[in-house]
Amino acid sequence: MPLCAGTGELATACRRLLAETAADAAPPAPAAPGRTKWSGKPKRPGREGRRMSLASWTILACVVGVVALYACSTATTGTL
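In numbering that gives the first Met the number 0, the protein residues as written are 0 to 79.
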């Protein structure tokens, strides 16, 4: 396509290239028959509703405690 071609010719060439690219795209390979997405391991009971582990809550409590101590220290001394 020459660079001096008009907008219409360039648009036509772009559409043709996009159509060829879309036609060349291969569909994804189907999954092997008999295989499932999930492993055969059973879920642990009682874990469905829990979002955060005990360790996460402990770390969160420690961070909140440190921030609270800093705020109290800053409030009593009057410095930032």
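Beta carbons: idealized from backbone N, C-alpha and C, even for Gly.
Since the model is a prediction, treat every value here as computed from it, not as a measurement.
For this session: State the DSSP-derived secondary structure class of cysteine 3, mapped to helix, strand or coil.
Result: In this structure, DSSP gives cysteine 3 a state outside helix and strand, which the three-state scheme calls coil.
For this session: May I have the straight-line CA-CA distance separating cysteine 71 from cysteine 61, to the nearest angstrom?
Result: Rounded to whole angstroms, cysteine 71 to cysteine 61 spans 15 Å at the Cα level.
Exercise. To the nearest angstrom, how far is it from the Cα of threonine 76 to the Cα of glycine 64?
Worked result: Between the C-alpha atoms of threonine 76 and glycine 64 there is a straight-line separation of about 18 Å.
For this session: Would you give the residue range spanned by the alpha helix (DSSP H) that serine 72 belongs to?
Result: Serine 72 -> alpha helix (DSSP H) spans 53 to 76.
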